[in-house]
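J.:
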Amino acid sequence: DSGVTQTPKHLITATGQRVTLRCSPRSGDLSVYWYQQSLDQGLQFLIQYYNGEERAKGNILERFSAQQFPDLHSELNLSSLELGDSALYFCASSTWTGTEAFFGQGTRLTVV
Amino acid sequence: AQSVAQPEDQVNVAEGNPLTVKCTYSVSGNPYLFWYVQYPNRGLQFLLKYITGDNLVKGSYGFEAEFNKSQTSFHLKKPSALVSDSALYFCAVTNRDDKIIFGKGTRLHILP
Numbered sequence: 001d002s003g004v005t006q007t008p009k010h011l012i013t014a015t016g017q018r019v020t021l022r023c024s025p026r027s028g029d030l031s032v033y034w035y036q037q038s039l040d041q042g043l044q045f046l047i048q049y050y051n052g053e054e055r056a057k058g059n060i061l062e063r064f065s066a067q068q069f070p071d072l073h074s075e076l077n078l079s080s081l082e083l084g085d086s087a088l089y090f091c092a093s094s095t096w097t098g099t100e101a102f103f104g105q106g107t108r109l110t111v112v
Numbered sequence: 113a114q115s116v117a118q119p120e121d122q123v124n125v126a127e128g129n130p131l132t133v134k135c136t137y138s139v140s141g142n143p144y145l146f147w148y149v150q151y152p153n154r155g156l157q158f159l160l161k162y163i164t165g166d167n168l169v170k171g172s173y174g175f176e177a178e179f180n181k182s183q184t185s186f187h188l189k190k191p192s193a194l195v196s197d198s199a200l201y202f203c204a205v206t207n208r209d210d211k212i213i214f215g216k217g218t219r220l221h222i223l224p
């Protein structure tokens, strides 16, 4: 158990809908990362927060947004969902930037 | 911009033989390098890291990796492979102030 908790584990939703994925980092970790894993794209970096502030942004679509709250948990919001958004979404946390990140079990999103 | 290349999509090794999974990277500044392993339907598990110091770093489950600055490589190795080592392996890089970027992954098959 990495200590990173993601909910829900599975999510099935229809095209055009909006969903929120939740991540609780390891106790004491200030940095939270979001990644998307699909079969043909590997592990794609979406966004990173550090102590509540956006730190780095990857190839995150404008339909996607995220935030990190004062208690350090983070949410990833995906809207206007398309079939191609179906993937595993991972959250990871680390003590600070530049150290190893620990991953949650992921949320498997299926858009139908 | 940071990047990681894992040139082999798949590596097959007979049980008991040594294994190598290759990784090369590009990053500005000093690299922080990591290896992760992913088993089916699981999140990524941290194996080992290179920050500074000895070029040969040892990690979990008998794995080690060799940092080569001149070749910008960080290959994962194990002297004697086990069937249970079969999994998806990811190399990752950061320069401390930036996001962690992952390679596309290499699927390791250990043949009994």
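The listed protein sequences derive, respectively, from chains A and B.
The letter at position 55 of the first sequence is residue 55 when you use the working numbering, and the numbering goes up by one with no holes.
Every number in the working numbering is 112 more than the matching position in the second sequence, counting from 1.
Don't be surprised by glycine CBs; every beta carbon is placed ideally from N, CA and C.
DSSP on Gly174/B, reduced to helix/strand/coil?
T.: Gly174/B falls in the helix class under three-state DSSP.
J.: According to DSSP, is Leu114/A part of a helix, a strand, or is it coil?
T.: The structure shown has nothing for residue 114/A, since chain A only spans 1 to 112.
J.: Quick one: measure Cβ to Cβ for Tyr134/A and Gln36/A, integer angstroms, because I've assumed they're closer than 8 angstroms.
T.: No statement about residue 134/A is possible, as the shown extent of chain A runs from 1 to 112 and does not include it.
J.: Considering only C-alpha positions, which residue in the set Glu54/A, Asp71/A, Ala66/A, His10/A is nearest to Ser27/A?
T.: Taking only the C-alpha atoms, the option nearest Ser27/A is Asp71/A.
J.: From the DSSP output, in three-state form, read off Val112/A for me.
T.: Of the three classes helix, strand and coil, the one that applies to Val112/A here is coil, per DSSP.
J.: Is Tyr173/B closer than 9 angstroms to Val139/B when the C-beta atoms are compared?
T.: Not a contact, by the Cβ cut-off of 9 angstroms.
J.: Could you check whether Leu11/A and Leu83/A sit closer than 9 angstroms to each other, using their CB atoms as the reference points?
T.: No, these two residues do not count as a Cβ contact at 9 angstroms.
J.: Would Leu72/A count as contacting chain B if we go by Cβ distances under 9 angstroms?
T.: Taking Cβ atoms only, chain B never reaches closer than 9 angstroms to Leu72/A, which makes this a no.
J.: Restricting to Cα atoms, I'd like to know which of Lys190/B, Thr184/B, Leu223/B is closest to Gln114/B.
T.: The shortest Cα separation from Gln114/B among Lys190/B, Thr184/B, Leu223/B belongs to Thr184/B.
J.: Could you please give the first and the last residue of the uninterrupted beta strand (DSSP E) stretch that includes Ser65/A?
T.: Here the beta strand (DSSP E) through Ser65/A covers 64-68.
J.: Which residues in the same chain have their Cβ closer than 7 angstroms to the Cβ of Gln105/A, if we skip the five residues on either side of it in sequence?
T.: Correct list, in chain order: Gln6, Lys9.
J.: Quick one: which chain B residues come within Cβ less than 7 angstroms of Phe103/A?
T.: What Phe103/A touches in chain B: Gly155, Leu156.
J.: Between the stretch 19-26 of chain A and the stretch 73-80 of chain A, can you find at least three pairs of beta-carbon atoms closer than 8 angstroms?
T.: They touch, by the three-pair rule.
J.: Looking at chain A, which residues of the stretch 139-169 of chain B have a Cβ within less than 7 angstroms of any of its Cβ atoms?
T.: If the cut-off is 7 angstroms between Cβ atoms, the stretch 139-169 of chain B has Tyr144, Phe146, Arg154, Gly155, Leu156, Phe158, Lys161 near chain A.
J.: Against Gly58/A, what residues of chain B qualify as contacts under a CB-to-CB distance less than 9 angstroms, listed in chain order?
T.: Under the 9 angstroms cutoff, chain B gives Lys211, Ile213.
J.: So Pro224/B and Glu127/B are in contact, right, with Cβ under 8 angstroms, and what is the actual spacing, rounded?
T.: Indeed, because the Cβ distance is near 5 angstroms, the residues count as touching under 8 angstroms.
J.: Which residues, in order along the stretch 72-100 of chain A, keep a beta-carbon less than 7 angstroms from a beta-carbon of chain B?
T.: Here the close residues are Phe90, Thr97, Gly98, Glu100.
J.: What does Phe179/B reach in chain A if we use C-beta pairs closer than 7 angstroms?
T.: Result: empty, since nearest Cβ-Cβ is about 15 angstroms, beyond 7 angstroms.
J.: Within the 9 angstroms Cβ cut-off, does Val4/A reach chain B?
T.: Yes, Val4/A counts as interfacial toward chain B.
J.: Tell me which residues share the same chain as Gly217/B and place their Cβ nearer than 6 angstroms to its Cβ, disregarding the 5 neighbours each side in the sequence.
T.: Leu200, Phe202.
J.: Contact criterion: CB-CB distance below 9 angstroms. Does Gln48/A meet it with respect to chain B?
T.: Chain B, which has a Cβ nearer than 9 angstroms to the Cβ of Gln48/A, makes this yes.
J.: Specify, as a first and last residue, the run of the beta strand (DSSP E) that Ala126/B falls within.
T.: Segment 122-126, the beta strand (DSSP E) holding Ala126/B.
J.: When the distance is taken between beta carbons, is Leu188/B closer than 9 angstroms to Glu176/B?
T.: For Glu176/B and Leu188/B, yes; Cβs fall inside 9 angstroms.
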